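Under the UniProt record's numbering, the sequence shown has 16 at position 16, and the numbering climbs by one with no breaks. Here the structure is laid out as structure tokens; the discussion comes afterwards.
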Amino acid sequence: MARYLVIVESPTKVKTIKKFLGSNYVVVASNGHVRDLPKSQLGIDVEHDFEPKYITIRGKGEILANIRKEVKKADKIYLATDPDREGEAISWHLTKALKLENKKVYRISFNEITKNAVKASLKNAREIDMDLVDAQQARRALDRIVGYRISPILWAKVKRGLSAGRVQSVALRIIADREEEINAFIPEEYWSLDASFKVEGEKKPLLAKFYGTKDKKITIRNKEELDEILKALEGVSYEVAEIKRGERTKKAPLPFTTSTLQQEASKALNFATSKTMRIAQQLYEGIDIKGNGTVGLITYLRTDSTRISEEADESAKEFIRQSYGDEYAAVKETVKKNDGKNIQDAHEAIRPSDVTRTPAAMKDSLTRDQFRLYQLIWKRFVASRMAPAKYETTSIKIGAGEYRFSVSASKVIFEGFRQVYVEADEEKEGSNLLMKGLDKDSRLTKEAFDYKQHFTQPPAHYTEAALVKTLEELGIGRPSTYAPTISTIIARRYVAKENKNLYLTELGEVVNNMMKQSFESIVDVNFTANMEGLLDMIAEGKVEWKTVISNFYPDLEEAVEKAEKELETVKIEDEVTDVICELCGRNMVIKYGPHGRFLACPGFPECKNTKPYLEKIGVKCPKCGKDIVLRKTKKGRKYYGCEDNPDCDFMSWQKPSDRPCPKCGNFMVEKGNKLVCGDEKCGYVENKKNNE
């Protein structure tokens, strides 16, 4: 009897796939990558056409030895690694590590781990796609060259243990640029004016917002403008000037891609991108379902595509018709306009492998987090195959002399996909009643005005979800890179994560400034996006991978040599302070650590005394009169606080000025080239040069 060997990546997949195949199939796992570039050296021979030097990963020798025993007994070998570029590369590395050149070797790939998909893949076995392998080799080589040539410069200039990366350095820059925007943002004052009206024959009042004049919308910028409008409204009569009634539809959402799943799981479930990917991997590889054994619950989790197979589409619509009614099934498939651009190897979107496995039926077999993520994926997929939601809308303009107030409201008249799924950040519908009886003859009586002062808000700090969205929009990285990129910049302490928000740390600021100064192209968003385009062209067989590396390398090498020369001319000495070491009497020096700067005794290793570095900014605390110092949160985010903390609780995220606000007497803070009152309600702003 013929004997077939199937090699997969993870032990979980072994359990899932084994039960789909006959007794003449043996399934083994490589436990991920088996070969890689050596850690101790560059591993790319720049003198000889950038040939990579691969070695067996430490700890993989025994695994490979066991697989070799199975190889000897096998008539055919099927490489069943993940269906993407990285999976293709792992299959290729396995052929080299196991010396399979003279064996009958076939590559199989499946988008979901189900019996049908696995059996179909065996019927459609193929050769390894070297274009995909080369695209992955190029990515690995580029990342290695950037990391290994630039990181030593960071070590020499700042401290050991830092790292630069082709994608991580751009992600850091994006966060740093947003931080600069926020710090330089000057709030602008504006006012809202709402009115409540008594409508004849109606019990509830009608709430309307100030719109402007008949011809244009007006923003009320200050109290003076508000008072002028209120004066003009004295004694005017109010009438219904315009009523528009209509219907609108809202299309069903598209099924999840890697990026949209990460974003929605962050918003709806508060999952970090790395957690979303880890749990999605478990759902894809297989879960032990009571009564069914190990089952892969979702399709492959790394994808840019929103495409759904015809079979999955039809079974979902059949499920919808039976569960909700014929009118709830979509008539035609929702298609993303730009689908087809940058799709990761023509995958499907992320969906349940079997739509009839409802979250409720799976709940007892899943952990809480697995259940929540599976439910999110299931609901989104089912919703994507459903009819649009329909709303009845009403828009009313109320005349008040020369001015207009407006009311808009909508009411769901057909739930459509909303029966199953509503996005986490979907705006709440208008609270006003549609007031069926309201028409142009309705008599209105003003009951009250409600006006409030507001200030424009700075751009929001990036969250993981927002950063993933930006990276995807800019064409930086791929679905498989988003989570590790974000994890790396947090682990390196370049970025601190607090309450979902990502903040630049002092260390991140230093590294970003160095990268911008010496390696402008590496941290350039367009350069990195263009490089992704070249990697796609390699995958399509249009460009040789070594050509891309050889074109990139000389410019990088020139920048590295220049940075090294500049480094030689700058002797980096520890900055001596006037703080005396209480253990040995020496003047302490400023050093860099994992959390940024700290004070250390120069007598190390005889004296190992260290203490936090509190940099005085030359401004007195507005609460107690002592010095304000630059401090850091536990995660490394900068802020300004009183040196007498915790006895004095003064703190500010912006740098305080020693000049009090001339309008209200409060402290002022620096924002770019402006000084702004620390009390937002005051709103006083002046140019810095006014008080120089």
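We put the CB at the ideal spot given by N, CA and C, even for glycine. These numbers were taken from a predicted model, which means no experiment stands behind them.
| Check | Outcome |
| --- | --- |
| What does a CB cutoff of less than 7 Å around A400 pick up in its chain, not counting 5 residues either side in sequence? | L233, V236 and Y238 |
| Under three-state DSSP, which class holds R492? | coil |
| Look at the alpha carbon of N338 and the alpha carbon of S305, and state the distance between them as a whole number of angstroms. | Reliability of the predicted coordinates at N338 is poor, the pLDDT of 46 falling under 50, and no value is obtained from them. |
| Quick one: what does DSSP say L352 is sitting in, helix, strand or coil? | Residue identity check: residue 352 is Pro in the sequence provided, not Leu. Strand, per DSSP. |
| Helix, strand or coil for T505, going by three-state DSSP, please let me know. | strand |
| How many Å lie between E558 and V525 at the Cα? | 20 Å |
| What residues in its chain sit with their C-beta under 8 Å from that of T213, if we drop five residues either side in the sequence? | E402, Y403 and R404 |
| Return the first residue and the last residue of the beta strand (DSSP E) that Y640 is part of. | K638 to C642 |
| Any contact between the stretch 648–656 and the stretch 667–677? By contact I mean 3 or more CB pairs, one from each, below 8 Å. | yes |
| For the stretch 441–454 and the stretch 481–496, state whether three or more C-beta atom pairs, one from each stretch, are separated by less than 8 Å. | no |
| My guess is that E188 and Q136 are in contact by the Cβ rule of under 8 Å, so how many angstroms apart are they, rounded? | The pair is not a contact, with the Cβ atoms about 49 Å apart (cut-off 8 Å). |
| What is the DSSP secondary structure of W191, reduced to helix, strand or coil? | strand |
| Can you pull the DSSP bridge partners for F552? | The partner list for F552 (beta bridge, DSSP) is empty, contrary to what the question assumes. |
| Expressed to the nearest angstrom, what Euclidean distance is found between the alpha-carbon atoms of D345 and D627? | Because D345 sits at a pLDDT of 41, beneath the cut-off of 50, its placement in the model cannot be relied upon, and the following sentence gives the value as read from the coordinates. Their backbone Cα atoms lie some 59 Å apart in a straight line. |
| Are Q375 and I287 closer than 8 Å when you measure CB to CB? | no |
| Assuming S121 contacts I108 (C-beta within less than 8 Å), just tell me the rounded distance between them. | 4 Å |
| Give a yes or no on contact between the stretch 192–200 and the stretch 505–521, applying the rule of three or more CB pairs nearer than 8 Å. | no |
| Provide the residue(s) that pair with H454 in DSSP beta bridges, ordered along the chain. | Y190 |
| For E472, name the three-state secondary structure that DSSP assigns. | helix |
| Using 8 Å as the threshold, is the stretch 31–50 in touch with the stretch 87–104, meaning 3 or more CB pairs across them? | yes |
| Using 8 Å as the threshold, is the stretch 383–393 in touch with the stretch 411–418, meaning 3 or more CB pairs across them? | yes |
| If contacts are defined as beta-carbon pairs under 8 Å, then I298 and I377 qualify, I think. What distance do you get, rounded to the angstrom? | 6 Å |
| Counting only the same chain and skipping the five closest in sequence on each side, list residues whose C-beta sits under 8 Å from that of H454. | E189, Y190, W191 and S192 |
| Reducing DSSP to helix, strand and coil, say where T485 ends up. | helix |
| Would you say F256 and A141 are within 8 Å of each other, going by their C-beta atoms? | no |
| So, with DSSP's three-state summary, where would you put P612? | strand |
| Can you check the stretch 251–275 for any alpha helix (DSSP H) of at least 4 residues that lies completely inside it and give the ranges in chain order? | 258–269 |
| With a threshold of 7 Å on Cβ separation, who are the neighbours of C584 within its own chain once the five nearest residues in sequence on each side are excluded? | C601, G603 and C607 |
| Who does M668 pair with in a DSSP beta bridge? | C677 |
| So G477 and V167 are in contact, right, with Cβ under 8 Å, and what is the actual spacing, rounded? | 5 Å |
| For the stretch 22–47, list the beta strand (DSSP E) runs that are entirely contained and at least 3 residues long, ordered along the chain. | 25–29 |
| What do you get for I490, buried or exposed, if any count of 16 or more other CB atoms within 10 angstroms of its CB means buried? | buried |
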